[in-house]
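Under this note's numbering, residues 1496 to 1535 are what the sequence shown spells out, in order. What follows is a short report on a single structure.
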Amino acid sequence: MVLVKESISIYNDLKPHMSLGMKTPSEVHEKASRDYLLAS
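Here it is as structure tokens:
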């Protein structure tokens, strides 16, 4: 189970994705959450 959690962390926090403009999923999610809260 540790290996799965580590793999997910690498995928979400360390590995940039071309489809996200070379940002990590965590970066995109954080910005979207912040923008949503500011718009409220």
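We put the CB at the ideal spot given by N, CA and C, even for glycine.
Give the DSSP-derived three-state secondary structure of residue i in the structure shown.
i, result
"residue 1510", "coil"
Measuring straight from C-alpha to C-alpha, what distance separates residue i and residue j?
i, j, result
"residue 1503", "residue 1535", "30 Å"
"residue 1496", "residue 1505", "14 Å"
At what residues does the alpha helix (DSSP H) containing residue i begin and finish?
i, result
"residue 1502", "1497-1504"
"residue 1526", "1520-1534"
At a threshold of 7 Å, does residue i count as lining the ligand ADP (C-beta to nearest heavy atom)?
i, result
"residue 1500", "For the structure depicted, the ligand ADP is absent and the ligand set is empty, with no information on it obtainable."
Against chain D, with Cβ distances strictly below 8 Å, would residue i count as a contact?
i, result
"residue 1505", "Among the chains in the structure shown there is no chain D, since it carries only a single protein chain."
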